[in-house]
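See below for the structure under consideration.
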Amino acid sequence: STVVLVFEAPQSFEFKVTAGQKIKMGEALGQI
Amino acid sequence: LVDSWKNTETKWYPIPVALGLSVVGFIQYRRVIQREEERLEHPKKYVATGPWQVHVAAALPLRSLSRLWGSFNSLTIPEPLRPIGYKLYSWIFGCNLDEMKNPNLCDYPNLSAFFYRELKDGARPIANATLVSPSDGKVLHFGIVQGQDIEQIKGVTYKLDALLGNDDKSTSPVENAILGNSRQIVDEEEFANVNGIEYSLDDMMNEGHSVKTESAVGPDGLARSETNDPQDERALVKLADVTPDIANHKVKPGQAMFFCVVYLAPGDYHRFHSPTNWIVQTRRHFAGELFSVSPYFVNLLQNLFVLNERVALLGKWKHGFFSMIPVGATNVGSIKINFDEALKTNQKEDIPLGTYTEVTYKSASKILGGKALRYGDEMGGFYLG
């Protein structure tokens, strides 16, 4: 199963993850 | 009886009988024609293109297998066998049993219950970030949506409208089916599921299904941000005033549309939570296949995320449009949304591929125009089969 997020954000939004990285619920995905 | 049988005169009326047969024949003929037309408009099965693995997967009755898998895993396991069985499963798939809310393995009657286990309070602290992960898993891919294209893997894209659906009524039924846009609009106050059973959304929301909503929304009808806005802690976020173009997914100047895909492996905690403060306004349940969504298949099968059955939750956050789309897979074909009891996924009905049923949550809060969710609120999860 997967969860896909699609969202509008300011262009300054930055993902704080890398592809293939393991992540836990509640950990930072991105920041403005 | 014998006398009646032998001596009763039989009167035949050729013209009415012929007329009746003609009518029955005509009705049957019309029904067959309609059925064939519908089949052409909405393909019920994915036509496989790609390497042999894709053809094999497409030939399998994945939805039936998924339901069988779910039924099998719902069988009660004898109590003495539970600890050893779940420990073996945990060892194979890397589950961390220390963070389970109920650590007594004997209390889980079957693998489905163990799979949908809860975590201890505080096991997943919510980070101080604009956006947090909705679930445990692996980040498969992320980036910016270029025009309408979302990158699945390098060089392979799928369409945003195909993933989320759109309100464009100008496309033909066949195009719509391919794009995943053939829809059954459901009324805001009363809506029907695919079986035609009607539910009252107000009834659902007012009878204990929206307890968490109330805690997320203040008496003034505004969502509260408690922990994730360091500059403005406990400030009220005026989500009611945000008016994104949800229907067409258009962004405002200076903004961009981003995407992120998180894959949940079999051993992962399989509930998903709200990744930010936002309001869900619409739910679109797309019928589809149940291919595996493992990284291996993501690399192999083009358009995987728009072929599989999924639930697109559309709404808004303080920066505009926001959506979250749980996508089903063969082993976890059922998607549950806690605040939407009418939603039934992975059903036996043969619904045409790419069509969807739309429901709005506007009556959950008249002011906010939908169901309000805070950072970390549990939204639902994936069930085995």
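Residue numbers (our numbering), protein chains in the order written: chain A, 1002 to 1033; chain B, 14 to 398.
Every residue, glycine too, gets a C-beta built ideally from N, C-alpha and C.
Think of a sphere of 8 Å around the beta carbon of residue 148 of chain B: the chain A residues whose beta carbon falls inside it are 1004 and 1026, in chain order. Nearest CB-CB separation between residue 257 of chain B and chain A: below the 8 Å threshold.
Of all residues in the stretch 327–338 of chain B, only 330, 332, 333, 334, 335, 336, 337 and 338 place a beta-carbon less than 8 Å from a beta-carbon of chain A.
In the same chain as residue 269 of chain B, and ignoring 5 residues on each side of it, the C-beta atoms closer than 7 Å to its own belong to 157, in chain order. Annotation: residue 386 of chain B is outside any alpha helix (DSSP H); the continuous beta strand (DSSP E) that includes it extends over 384–386.
In this structure the stretch 368–384 of chain B touches the stretch 296–305 of chain B; the number of beta carbon pairs closer than 8 Å is three or more. Using a CB distance cut-off of 8 Å, residue 99 of chain B does not count as an interface residue toward chain A. Within the stretch 359–375 of chain B, contact with chain A at the beta-carbon level (separation under 9 Å) is assigned to no residue. Interface annotation, residue 356 of chain B: not in contact with chain A, CB-CB separation never under 8 Å. When CB distances to chain A are screened at a threshold of 9 Å, the residues of the stretch 282–297 of chain B falling below it are 282, 283, 284, 285, 286, 288, 289 and 291, in chain order.
The Cβ of residue 130 of chain B sits no closer than 8 Å to any Cβ of chain A. Taking the Cα positions, residue 321 of chain B is about 31 Å away from residue 138 of chain B. Residue environment analysis places residue 352 of chain B among the buried positions, since at least 16 neighbouring C-beta atoms fall within 10 angstroms of its C-beta. A direct Cα-Cα distance of roughly 14 Å separates residue 155 of chain B from residue 337 of chain B.
In the structure shown, the three-state DSSP call for residue 163 of chain B is strand.
Between the stretch 311–329 of chain B and the stretch 27–45 of chain B there are fewer than three inter-stretch CB-CB distances shorter than 8 Å, so the stretches are not counted as touching. The beta-carbon of residue 68 of chain B is placed no less than 8 Å from the nearest beta-carbon of chain A. A distance of 8 Å or more separates the beta carbons of residue 177 of chain B and residue 161 of chain B. Linking residue 111 of chain B to residue 78 of chain B through their CA atoms gives a straight-line distance of about 32 Å. For the C-beta of residue 268 of chain B, the chain A residues within less than 7 Å are, from N- to C-terminus, 1009, 1010, 1011 and 1012.
Counting only Cβ-Cβ distances below 9 Å, residue 276 of chain B has contacts in chain A at 1002, 1003 and 1004, in chain order.
Residue 297 of chain B is bridged by DSSP to B:325 and B:371. Remark: C-beta atoms of residue 1009 of chain A and residue 1032 of chain A do not approach each other more closely than 8 Å. A straight-line Cα-Cα distance of about 4 Å links residue 164 of chain B and residue 170 of chain B. The continuous alpha helix (DSSP H) containing residue 310 of chain B extends over residues 308–313. The stretch 142–150 of chain B makes no contact with the stretch 121–128 of chain B; the number of CB pairs closer than 8 Å stays below 3. Taking the CA atoms as reference points, residue 290 of chain B sits about 34 Å from residue 80 of chain B. Under the 8 Å criterion on CB atoms, residue 177 of chain B is classed as interfacial with respect to chain A. If you draw a straight line from the Cα of residue 332 of chain B to the Cα of residue 318 of chain B, it is about 25 Å long. Taking one beta carbon from each stretch, the stretch 279–288 of chain B and the stretch 98–115 of chain B have 3 or more pairs nearer than 8 Å; the two touch.
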